[in-house]
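**Student:**
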Amino acid sequence: MERLPMRKIKDVMRLRAAGLSHRKVAHSLGLGLGSVRNYELRAQKAELVWPDVADVDDAVLERQLFTQTTSLDAPRFAEPDWSQIARELKKRGVSLQLLWEEYRADHPDDGYGYSAYCQRYRAWSKRLSPAMRQRHVAGEKMFVDYSGLRMAVTDPTTGAETPVEVFVAVLGASNYAYVEASWSQSLPDWIGAHVRAFEYFGGVPTTIVSDNLKSAVIRACFHEPTINRSYTDLARHYGTAILPARPYKPKDKAKVESAVLLVQRWIVAKLRNRTFFSLAELNAAIREALAQMNARVSRHLGASRQELFDTVEKPALMPLPPTRHVHADWQKVTVRPDYHIRIQDHFYSVPNRLVGEALWVRITSDTVEAFHRGRRMASHQRASPGDHGTTTIRTHMPPHHRHYADMSIEKLQAKAQAIGPNVATVIDVIVRDKPRPDHGIRAGLGVLQLERGCGAERLDAACARALVLNACSLKSITSILSNRLEDQPVDAAPDAPPIAHGNIRGPKYFH
Numbered sequence: 001m002e003r004l005p006m007r008k009i010k011d012v013m014r015l016r017a018a019g020l021s022h023r024k025v026a027h028s029l030g031l032g033l034g035s036v037r038n039y040e041l042r043a044q045k046a047e048l049v050w051p052d053v054a055d056v057d058d059a060v061l062e063r064q065l066f067t068q069t070t071s072l073d074a075p076r077f078a079e080p081d082w083s084q085i086a087r088e089l090k091k092r093g094v095s096l097q098l099l100w101e102e103y104r105a106d107h108p109d110d111g112y113g114y115s116a117y118c119q120r121y122r123a124w125s126k127r128l129s130p131a132m133r134q135r136h137v138a139g140e141k142m143f144v145d146y147s148g149l150r151m152a153v154t155d156p157t158t159g160a161e162t163p164v165e166v167f168v169a170v171l172g173a174s175n176y177a178y179v180e181a182s183w184s185q186s187l188p189d190w191i192g193a194h195v196r197a198f199e200y201f202g203g204v205p206t207t208i209v210s211d212n213l214k215s216a217v218i219r220a221c222f223h224e225p226t227i228n229r230s231y232t233d234l235a236r237h238y239g240t241a242i243l244p245a246r247p248y249k250p251k252d253k254a255k256v257e258s259a260v261l262l263v264q265r266w267i268v269a270k271l272r273n274r275t276f277f278s279l280a281e282l283n284a285a286i287r288e289a290l291a292q293m294n295a296r297v298s299r300h301l302g303a304s305r306q307e308l309f310d311t312v313e314k315p316a317l318m319p320l321p322p323t324r325h326v327h328a329d330w331q332k333v334t335v336r337p338d339y340h341i342r343i344q345d346h347f348y349s350v351p352n353r354l355v356g357e358a359l360w361v362r363i364t365s366d367t368v369e370a371f372h373r374g375r376r377m378a379s380h381q382r383a384s385p386g387d388h389g390t391t392t393i394r395t396h397m398p399p400h401h402r403h404y405a406d407m408s409i410e411k412l413q414a415k416a417q418a419i420g421p422n423v424a425t426v427i428d429v430i431v432r433d434k435p436r437p438d439h440g441i442r443a444g445l446g447v448l449q450l451e452r453g454c455g456a457e458r459l460d461a462a463c464a465r466a467l468v469l470n471a472c473s474l475k476s477i478t479s480i481l482s483n484r485l486e487d488q489p490v491d492a493a494p495d496a497p498p499i500a501h502g503n504i505r506g507p508k509y510f511h
């Protein structure tokens, strides 16, 4: 092969250092593809890199490239195990500089220089897929998404198939995956899948990288996406952070998309001809296929995902918290004038000073908690579905409501008896006739409060007249007192004066 001028070889090194492919360099310089690769390999063997050779004398450069010691037939450098280097780089704090120093300590006479070492590693890594080529530190990231292909659960009675979603989580450094089927992509299913993924991994990564699906991100934005509050709760509980993939940045999702393809190939497709009659049965089969997928040895890295997880990733994960995360929905409400908030047709009290204020309410399967400016103001046990009643805490009431709430039928009757026997009898009638005890207490208190304006003796006499007239109501007793009829015998009661009203027809109307 005719030897190229040294300036041409320098051009090859310059363009390769600029990032051009072998093919583009060959096209640009009018060379054969094999020639470009040959001269680059000679430069690597001689530990020559651009721009260090830019000013090297041509004769010196020729000797370095074409002396017998750099013969391509007899390599003089010890070749590192690049797959092992890639695994080591996934560990926290490990750099190429450190690995090169360790390599040179083992090969002081036949080891590559640092520049050639880095170049050869980059050349090796370019042969990997884009998702594998990205460098991810152990314990740093978990990528999550749903598979585009769905599976199905069959009704054993009707034979109808219900499609189910397939959730995929993959750890960045080891590619170790977790997969499960769920009924939907709803927020409870999304959160629950994360909880089970953390438990499957036995630890928590420092960051979760999610797609911009509605369960995770309320508003997708390149710089400041808005994270769903329930999703933020999950991250806070486990001490991790959520990093949504940036819109229009496919590299952000390359890792999980690569994992999704593997899941579709080794799990979804593998189970395609089987019939599952429950979600639990399907997930049991997925777990079995998942274990096999994680145990497969990667041709590029020379190790399985399980091995990389056990040796590299798992030791770097944060520990699980003492308690499991409980999913909660969040709802923004305004406090009603009666100092209650409405949650799914049930009313829960909050401190009465918050009337008219906007609160955030955290709703779990067991509790309802109300927060004002980040501070919890009320906590209630959640009412049963279909319970349209009211749950009120006494301390939330204003003082006059508290007095009413403290009143029982027994206390009401005791107060009435203290005023007079007829008052006590009227209270018994009122409480008996009302459909609910609290209605009777409210009306009875109204009768007792009349004592303030008329005294106990007049009120007892008015109640006696009301009993004779069978008119035991607050309105009737108030009328008796207003007209001072309590002391008049019932038979001697004067006729009521005719009512003067413009709409009443006179006797002449009928003639």
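For the sequence shown, full-length UniProt numbering gives the first residue as 1, with consecutive numbering after it.
Cβ coordinates follow ideal geometry from the N, Cα and C atoms, glycine included.
Among H439, K475, V423, which residue has its Cα nearest to the Cα of G455?
**Tutor:** V423
**Student:** Which same chain residues, not among the five before or five after R376, have their C-beta less than 8 Å away from its C-beta?
**Tutor:** E369, A370
**Student:** Which residue wins for smallest C-alpha separation from Q64, given the options N470, R324, G302, Q44?
**Tutor:** Q44
**Student:** With the cut-off set at 8 Å, would you say I341 and V355 are in Cβ contact?
**Tutor:** no
**Student:** Leaving aside the five residues before and after D329 along the sequence, list all residues of the same chain whose C-beta is less than 7 Å from its C-beta, in chain order.
**Tutor:** S230, I363
**Student:** Leaving out five residues on either side along the sequence, give the residues of the same chain with a beta carbon under 6 Å from the beta carbon of D73.
**Tutor:** The predicted position of D73 is uncertain, since its pLDDT is 44 and thus under 50; a value taken from the coordinates is nonetheless stated next. The beta carbon of D73 is closer than 6 Å to none in its chain, skipping five residues each way along the sequence.
**Student:** Residue ranges of each beta strand (DSSP E) run of no fewer than 3 residues wholly in the region 416–496, ordered along the chain?
**Tutor:** none
**Student:** In the DSSP assignment, the alpha helix (DSSP H) including F143 goes from what residue to what residue?
**Tutor:** That residue, F143, is in no alpha helix (DSSP H); its beta strand (DSSP E) goes 141–146.
**Student:** Would you give the residue range spanned by the beta strand (DSSP E) that A177 belongs to?
**Tutor:** 177–182
**Student:** Sorted by chain position, which residues of the same chain lie with C-beta nearer than 7 Å to A193's C-beta, five sequence neighbours on each side aside?
**Tutor:** F167, E180, S182
**Student:** Verify whether the separation of the beta carbon atoms of T232 and E140 is less than 8 Å.
**Tutor:** At the C-beta level, T232 and E140 stay beyond 8 Å of one another.
**Student:** Do L450 and L481 have their beta-carbon atoms positioned less than 8 Å apart in this structure?
**Tutor:** yes
**Student:** Give a yes or no on contact between the region 146–159 and the region 260–274, applying the rule of three or more CB pairs nearer than 8 Å.
**Tutor:** yes
**Student:** State whether the region 32–49 contacts the region 107–125, with contact taken as three or more CB pairs (one from each stretch) at a distance under 8 Å.
**Tutor:** yes
**Student:** State the Cα-Cα distance for the pair G453 and V426, rounded to the nearest angstrom.
**Tutor:** Cα-Cα distance, rounded: 18 Å.
**Student:** Since L485 contacts R465 with CB under 8 Å, what's their CB separation in whole angstroms?
**Tutor:** 6 Å
**Student:** Alpha carbon to alpha carbon, what distance is there between V268 and residue 512?
**Tutor:** Only positions 1 to 511 of the chain appear in this structure, which leaves residue 512 out of reach.
**Student:** How is the alpha helix (DSSP H) around K90 delimited, first residue to last?
**Tutor:** Note, K90: premise wrong, no alpha helix (DSSP H); not H, not E.
**Student:** From the DSSP output, in three-state form, read off P163 for me.
**Tutor:** strand
**Student:** Quick one: what's H346 bridged to in DSSP?
**Tutor:** I343
**Student:** Please report the straight-line C-alpha distance between S184 and D211, rounded to a whole angstrom.
**Tutor:** 16 Å
**Student:** For the beta strand (DSSP E) that contains D58, what are its first and last residues?
**Tutor:** Premise fails: D58 lies in the alpha helix (DSSP H), 58–66, not in any beta strand (DSSP E).
**Student:** Taking only three categories from DSSP, how would you classify I409?
**Tutor:** In the structure shown, I409 sits in a helix (DSSP, three-state: H, G or I).
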